[in-house]
Amino acid sequence: MLSRLVIVVSVVVAAALAGHGLIPALGGFTPVLESLLPWIGLTVPVLIAGAAVARSTAAAAAALVPGLVWAVMFGSTLFRTPPGGPSDLAVGTVNVGVRNSASGEAVRVIAKDLDVLAAQELTRGGPAAKQLNKMFKYHYPVSTVGLWSRYPISETEPLDVGLGWPRALRAVITTPKGEVTVYVMHLASARPGHTTTRDASLARARKLIDADRSKRLLLLGDLNTATTDRGMRGLTPPLTDAQAAAGDGFGFTWPAEFPVTRPDHILFKGMTATEAGVAPATGSDHRAAIASLRM
């Protein structure tokens with residue numbers, strides 16, 4: 001009985017990993033499951049233990065199948081080496097947490113070595129905004145999101161990503177190596193069974209990116225969409241995920257205490273990522289995503 005159970009579960013897990021994109025959305029449950037996809041690999045040791053208890057060679061062989069599928073899908077992520085080399089632009093994005101009284105200190109630590117920082121869940125005139133205004137000469141806040149830069153900001157525009165009010169922005173930063181178009185976005189939240197609004201805001205984000213003909217482009221923000229979520233289709237590509245290109249590991253950012261997924265993203269085109277990672281953000285329930293880019 002145990003042997004048969006291990007074999008059946010192994011087949012189901014392997015199929016879910018390899019064919020998750022073919023599973024219907026089921027009212028939003030499947031995309032949320034996809035956000036946790038790498039963690040499904042934890043079932044493999046349990047299945048192997050079950051096979052050992054059952055003393056079944058067939059069950060043990062079956063238990064290895066989802067392990068092999070997981071290794072093919074995610075193994076390279078664990079052993080990836082950042083390309084390194086010279087970089088021209090250090091960027092980051094952080095959801096500071098709307099109730100975070102320590103957000104000023106959090107952004108100070110994150111931003112000290114950055115050229116560009118995007119922030120979400122800002123309170124106008126709050127500690128995060130005040131601290132960043134001291135550290136960066138140029139800034140452009142819109143509602144609860146904002147952009148800070150060591151280089152001039154122009155062509156600023158508030159954006160509505162389908163939420164009925166501006167929770168995104170577009171701007172152009174003029175660096176010594178040329179212009180970079182920057183989008184900062186905070187898309188709608190996604191919860192099991194409730195992804196309709198998020199999906200609509202994600203579709204709007206895709207349209208904005210598709211319509212932009214900028215040579216160099218950055219999309220920074222809390223997209224409430226994991227790297228493994230089907231919602232990222234249409235954004236990566238045409239954009240490249242900095243963590244996938246130059247990060248060490250999965251780069252999970254949420255929840256801050258024990259991150260299990262990555263809703264915070266640095267996506268780009270027209271540049272090369274040399275390094276990417278995650279930084280703590282004191283008091284927020286998110287960690288910050290950071291990356292270095294060569295223009």
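Numbering follows the UniProt record's numbering, with no gaps: position 32 of the sequence shown is 32.
C-beta: ideal position from N, C-alpha, C; glycine also.
Note that the coordinates shown come from a computational prediction; the quantities given were computed from them, not determined experimentally.
Can you have a look at residue i and say buried or exposed, based on whether 16 or more other CB atoms are within 10 angstroms of its CB?
{"i": "D113", "result": "exposed"}
{"i": "F79", "result": "exposed"}
{"i": "E275", "result": "buried"}
{"i": "G221", "result": "buried"}
{"i": "W39", "result": "exposed"}
{"i": "residue 298", "result": "Because the chain is modelled from 1 through 295, residue 298 falls outside the range shown and cannot be assessed."}
{"i": "T263", "result": "Reading the sequence as shown, one finds Pro at residue 263 and not Thr. Answer is buried; the Cβ neighbour count reaches 16."}
{"i": "D115", "result": "buried"}
{"i": "L36", "result": "exposed"}
Shortest alpha-carbon distance to residue i belongs to which of the options?
{"i": "A245", "options": "R294, S103 and S201", "result": "R294"}
{"i": "D88", "options": "A242, D248 and K177", "result": "K177"}
{"i": "L5", "options": "I209, A51, R204 and G85", "result": "A51"}
{"i": "V98", "options": "R262, H186, L202 and L208", "result": "H186"}
{"i": "T156", "options": "A200, G162 and Y138", "result": "Y138"}
{"i": "A171", "options": "L132, L117, A58 and G126", "result": "L117"}
Determine the extent of the beta strand (DSSP E) in which residue i is found, giving its start and end residues.
{"i": "V94", "result": "L89 to N95"}
{"i": "A291", "result": "A288 to R294"}
{"i": "A111", "result": "Here A111 belongs to no beta strand (DSSP E); instead the alpha helix (DSSP H) covers S103 to A111."}
{"i": "T282", "result": "Element bounds for T282: n/a, residue is neither H nor E."}
Along the chain, where does the alpha helix (DSSP H) containing residue i start, and where does it finish?
{"i": "W70", "result": "T57 to F79"}
{"i": "L239", "result": "L239 -> no alpha helix (DSSP H), and no H or E assigned at all."}
For the ligand ATP, is there a heavy atom less than 7 Å away from the beta-carbon of residue i?
{"i": "V12", "result": "Absence of the ligand ATP is noted for the structure shown, with no ligands found whatsoever."}
Per DSSP, which one or two residues make a beta bridge with residue i?
{"i": "L218", "result": "V182 and F268"}
{"i": "A119", "result": "V94 and G146"}
{"i": "G247", "result": "A276"}
{"i": "residue 296", "result": "This structure gives no information on residue 296, because the portion of the chain shown stretches from 1 to 295."}
{"i": "R230", "result": "R230 pairs with nothing; no bridge assigned."}
{"i": "R191", "result": "H194"}
Touch test, the segment 247–267 against the segment 81–96, Cβ-Cβ under 8 Å, three pairs minimum: yes
Contact the segment 169–189 vs the segment 11–21: 3+ CB pairs below 8 Å: no
Inter-stretch contact (C-beta, 8 Å, three-pair minimum) for the segment 191–199 and the segment 21–39: yes
The segment 257–271 touching the segment 59–73, judged by at least three CB pairs closer than 8 Å: no
Cβ contact (3+ pairs, closer than 8 Å) linking the segment 281–290 and the segment 98–110: yes
Segment contact flag, the segment 146–162 with the segment 223–242, C-beta cutoff 8 Å, min 3 pairs: no
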